[in-house]
Amino acid sequence: MRAYGRFALLVFAPAGLGLAFAAAADDPPRPTVAVRPAVIRMDAFYAGAQVEVTGRTPAGTQVVMVVRGSEKEESFNTKGRFGPIWANAGEVRIGGVPSLFLAFSSAPFSQLLSRDELDRRQLDTQAIAAQMKVEPAARDRATIRQNYLKLKAGQGILQVEEGTVKVEEGGDVASYAVSFRWPKMAPPARYTVTVFAVRDKTVVGEASTPLQVETVGIPASLAAGARKRATLYGFLCVLVATLAGLGIDFVASRMGGKVSAH
Amino acid sequence: MPIFLPIAGISINLLLVIGAGGLVGFMSGMFGVGGGFLLTPILMMMGIPPTVAAASDSCQIVAASSSGAAAHFRLGNVDTKLGTILLLGGLTGGAIGVRIIKVLRAMGNADFLITVAYVVVLGGVGGYMFFESLNALRRGSMVPKKASGAKRSGLLGRLPFQMTFARAGVQHSVFVPFFLCMLVGILAAIMGVGGGFIMVPMMVYLLRMPMHVAVGTDLFQIFFTAAGITFMQATTNHTVDLVLALLLMVGSTVGAQVGARVGRLLRSDQLKILLASIVLLVMVRMAWTLVATPASLLSYAHLGGH
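Chains as they are written, first to last, in the numbering used here: chain A, 664 to 925; chain B, 54 to 359.
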């Protein structure tokens, strides 16, 4: 029995491997993605970062690259017109949207993907707006969505840039690269960078990698102290502020000489 | 030169923050106002999250007011007895104001009514101060008006618990400054800004205090109010950015000293007309926000305030 087993192994193993290689040769290569730097460290003198995303996609494909934060809910006051006057018209909670959304592509989105595909994969601002939850449900929901997108775009944490991904064909695979400035307003968190290989208005492959943004050094210690030892931190804030004020007054009184009362 | 703010979570130009603090500190030292109405929007324009801007601003006001109050204390411009009563009145008013705003908001479009009320109050106070001081300047009165010091006749004079406030040079029933300050505290809590703009004119015109003593005494009570708010913001919302506050302090404490000294060079009427001009500017700005189409129909809720 053992001899038959060895015989089968010798015959079928190479055949299986051959079939596997043949199948792999038929499949287009999967996209790859690499982010530099993979970790953005915010120290005391952090001045922003330039992020570079590179990788490979199957030959003949276009590229869409998205950086996305986790979903977040925020409360806003809304303004409405009452005659000639603008006044607060109540509070709304907006959710179902990523805390950060940056999208880059090698060509205009409308040329790359169908509306259904863009919506299904949440790849542009229209798709983000469609998924946005506004509570309580307002009559002018479309206006609220539009204003939210405008607000976030102004903060740099919602960006869509078409034609900024450079793709170079090279045989079976193409290489791509995109470089962008990391938004100053993006808070420390774990973000996901996803690359979609696109052909004939369909996504034919995708790859993801995390992008970690974290505080280090003194800022990290202070941020942790503010959360974990809030009472001590609050007391410290008041003490430091009072001493700073009195200290400056002391220095100023010494420098300015004796002053007379009114 | 960039610096990273740990609670705000963003990088910002160091000199820009110090400059903003200096501007507000100057006003604080000169007029006895906290400056929160000005600094919080400036910080927001720099990209700092609104909640962090408001809370950190409170922290720097602690420094600016302690510096300004100490400078005024040495100049003999702080009436601690009156300041303590004002503080108690302001805190009581603040607590009442928080409850009133809840009720008003539940009733509907309260913010609009409050803004209109504030525009009317600021317009009235600022306009009265401006023209009164302008007339005084035109008359060429070179000697600053002294406080009356006389006991008030009429209803106010007959109120119980009359007390002499030596530094301020006035005599009032304890209830008068307490309730006036309570009203200011209510307005301040409702509007989410400090009461300095109303408090100083109120002390000058209703309590008959000399302008310089009103400024010094106001800074004295602002210090305690801002310290309380900072502690509460740090423990409840975790939004006080100490690095941001320290940078603002560097600017504001120096600015407060300069402001206090420049204030000494000016006569009471000149100080009043300057403060009146700023009050009127704020009033115009608030009135403009009522009619101008806003850049965005959304603004962050739960800003807090001073």
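For each residue, glycine too, the CB sits at the ideal point set by N, CA and C. For clarity, every value in this text was computed on a predicted model and none was experimentally measured.
Could you tell me which chain A residues have their CB closer than 8 Å to the CB of residue i, listed as they occur along the chain?
{"i": "VAL344 (chain B)", "result": "PRO747, ILE748 and TRP749"}
{"i": "VAL113 (chain B)", "result": "A small fix is needed here, since residue 113 (chain B) is Gln in this sequence, not Val. Correct list: ALA904."}
{"i": "ARG94 (chain B)", "result": "The question names Arg, yet the displayed sequence has Pro at residue 94 (chain B). Per Cβ cutoff of 8 Å: no residues; PRO94 (chain B) is ~15 Å from chain A at best."}
Could you give the residue range of the beta strand (DSSP E) that holds residue i?
{"i": "SER768 (chain A)", "result": "764-768"}
{"i": "GLY718 (chain A)", "result": "713-721"}
{"i": "ILE703 (chain A)", "result": "702-705"}
{"i": "TYR709 (chain A)", "result": "Taken as a continuous stretch (DSSP letters only), TYR709 (chain A) belongs to no beta strand (DSSP E), as it is neither H nor E."}
{"i": "VAL727 (chain A)", "result": "725-731"}
{"i": "GLY753 (chain A)", "result": "748-761"}
{"i": "ALA697 (chain A)", "result": "697-699"}
{"i": "PRO882 (chain A)", "result": "Not the beta strand (DSSP E): PRO882 (chain A) falls in the alpha helix (DSSP H), residues 880-891."}
{"i": "HIS58 (chain B)", "result": "It should be noted that the sequence gives Leu, not His, for residue 58 (chain B). LEU58 (chain B) -> beta strand (DSSP E) spans 55-58."}
{"i": "LEU25 (chain B)", "result": "Nothing in the structure corresponds to residue 25 (chain B), since chain B is present only between 54 and 359."}
{"i": "ARG693 (chain A)", "result": "Unbroken run through ARG693 (chain A): none, as it is neither H nor E."}
{"i": "PHE214 (chain B)", "result": "Counting along the chain, PHE214 (chain B) falls outside any beta strand (DSSP E), and DSSP gives it neither H nor E."}
{"i": "THR741 (chain A)", "result": "734-745"}
Which bits of chain B does residue i rub up against, with CB to CB less than 7 Å?
{"i": "PRO850 (chain A)", "result": "GLY62"}
{"i": "LYS813 (chain A)", "result": "SER349"}
{"i": "MET705 (chain A)", "result": "PHE57"}
{"i": "GLY655 (chain A)", "result": "The requested residue 655 (chain A) is not part of the displayed model; chain A covers only 664 to 925."}
By the 10 Å Cβ neighbour count, where 16 or more other Cβ atoms means buried, how is residue i classified, buried or exposed?
{"i": "VAL344 (chain B)", "result": "exposed"}
{"i": "ASN130 (chain B)", "result": "buried"}
{"i": "ALA685 (chain A)", "result": "A caution first: ALA685 (chain A) carries a pLDDT of 48, below 50, which makes its placement in the model unreliable, though a value can still be read off. When all chains shown are included, ALA685 (chain A) counts as exposed."}
{"i": "GLY633 (chain A)", "result": "Beyond the ends of chain A as shown, which are 664 and 925, falls residue 633 (chain A); an answer cannot be given."}
{"i": "LEU350 (chain B)", "result": "buried"}
{"i": "ARG261 (chain B)", "result": "buried"}
{"i": "VAL223 (chain B)", "result": "buried"}
{"i": "LEU67 (chain B)", "result": "exposed"}
{"i": "PRO882 (chain A)", "result": "buried"}
{"i": "LEU645 (chain A)", "result": "As displayed, chain A neither begins before 664 nor continues past 925, which places residue 645 (chain A) out of reach and without an answer."}
{"i": "SER81 (chain B)", "result": "buried"}
{"i": "LEU334 (chain B)", "result": "exposed"}
{"i": "MET728 (chain A)", "result": "buried"}
{"i": "VAL367 (chain B)", "result": "Any property of residue 367 (chain B) remains undetermined from this structure, which presents chain B solely from 54 to 359."}
{"i": "MET195 (chain B)", "result": "Note on MET195 (chain B): pLDDT 44, under 50, position unreliable in the model; no value is reported."}
{"i": "LYS829 (chain A)", "result": "exposed"}
{"i": "GLY826 (chain A)", "result": "exposed"}
{"i": "ALA203 (chain B)", "result": "Here ALA203 (chain B) scores only 48 on pLDDT, less than 50, and its place in the model should not be relied on; the value that follows carries that caveat. Exposed, because fewer than 16 other Cβ atoms sit within 10 Å of the Cβ of ALA203 (chain B)."}
{"i": "MET182 (chain B)", "result": "buried"}
{"i": "TRP341 (chain B)", "result": "exposed"}
{"i": "ARG152 (chain B)", "result": "exposed"}
{"i": "PRO694 (chain A)", "result": "buried"}
{"i": "ARG890 (chain A)", "result": "exposed"}
So residue i and residue j are supposed to be a Cβ contact under 8 Å. How far apart are they, rounded?
{"i": "ALA108 (chain B)", "j": "GLN286 (chain B)", "result": "4 Å"}
{"i": "PRO102 (chain B)", "j": "LEU885 (chain A)", "result": "The Cβ separation is near 16 Å, so there is no contact."}
{"i": "GLY908 (chain A)", "j": "ALA116 (chain B)", "result": "4 Å"}
{"i": "TYR854 (chain A)", "j": "VAL730 (chain A)", "result": "5 Å"}
{"i": "THR872 (chain A)", "j": "VAL698 (chain A)", "result": "6 Å"}
{"i": "ALA647 (chain A)", "j": "THR720 (chain A)", "result": "Nothing can be reported for residue 647 (chain A): it is not among the residues displayed for chain A, which extend from 664 to 925."}
{"i": "SER305 (chain B)", "j": "GLY75 (chain B)", "result": "7 Å"}
{"i": "SER842 (chain A)", "j": "GLU715 (chain A)", "result": "5 Å"}
{"i": "ALA722 (chain A)", "j": "GLY868 (chain A)", "result": "At roughly 12 Å, the Cβ-Cβ gap does not stay under 8 Å, so ALA722 (chain A) and GLY868 (chain A) are not in contact."}
Applying a beta-carbon distance threshold of less than 9 Å, which residues of chain A neighbour residue i?
{"i": "GLY100 (chain B)", "result": "GLN818, GLY819, LYS847 and MET848"}
{"i": "VAL293 (chain B)", "result": "ALA889, TYR896, GLY897 and CYS900"}
{"i": "VAL307 (chain B)", "result": "ILE911 and ALA915"}
{"i": "SER186 (chain B)", "result": "Residues of chain A passing the Cβ test: none, with the nearest at roughly 17 Å."}
{"i": "MET302 (chain B)", "result": "VAL903, ALA904, ALA907, GLY908 and ILE911"}
{"i": "LEU284 (chain B)", "result": "For clarity, residue 284 (chain B) is Phe in the given sequence; the question names Leu instead. In chain order: THR894, GLY897, PHE898, CYS900 and VAL901."}
Considering just the uninterrupted stretch of the alpha helix (DSSP H) at residue i, what are its terminal residues?
{"i": "GLY82 (chain B)", "result": "67-84"}
{"i": "VAL303 (chain B)", "result": "295-318"}
{"i": "LEU334 (chain B)", "result": "321-344"}
{"i": "ILE114 (chain B)", "result": "103-127"}
{"i": "LEU775 (chain A)", "result": "772-775"}
{"i": "THR278 (chain B)", "result": "264-285"}
Going along chain B in order, which residues have a C-beta closer than 9 Å to the C-beta of residue i?
{"i": "LEU885 (chain A)", "result": "PRO59, ILE60, ASP294, LEU295 and VAL296"}
{"i": "ILE807 (chain A)", "result": "LEU350 and LEU351"}
{"i": "PHE708 (chain A)", "result": "MET54, PRO55, ILE56, PHE57 and SER64"}
{"i": "THR878 (chain A)", "result": "PHE57, PRO59 and GLY62"}
So residue i contacts chain A; which residues on that side make the cut at Cβ distance below 7 Å?
{"i": "MET262 (chain B)", "result": "None at all; the shortest Cβ gap to chain A is about 12 Å."}
{"i": "PRO347 (chain B)", "result": "LYS742 and TRP749"}
{"i": "THR288 (chain B)", "result": "ALA893, THR894 and GLY897"}
For residue i, which residues in chain B fall below 8 Å Cβ to Cβ?
{"i": "PRO882 (chain A)", "result": "PHE57, LEU58, PRO59 and VAL296"}
{"i": "PHE843 (chain A)", "result": "What PHE843 (chain A) touches in chain B: nothing, since even the nearest Cβ is about 16 Å away."}
{"i": "PHE739 (chain A)", "result": "LEU351, SER352, TYR353 and ALA354"}
For the ligand MG, I want to know if residue i counts as a neighbour, meaning its beta carbon is within less than 6 Å of at least one of the ligand's heavy atoms.
{"i": "THR270 (chain B)", "result": "By its list of ligands, the structure shown contains no ligand whatsoever, and the ligand MG lies outside what it can speak to."}
At which residue ranges does the stretch 216-262 of chain B contain complete alpha helix (DSSP H) runs of 4 or more residues, listed in the order of the chain? 228-244 and 249-258
Those runs of the beta strand (DSSP E) which lie wholly inside the stretch 794-864 of chain A and span at least 3 residues: 796-798, 821-824, 829-833, 836-844 and 852-862
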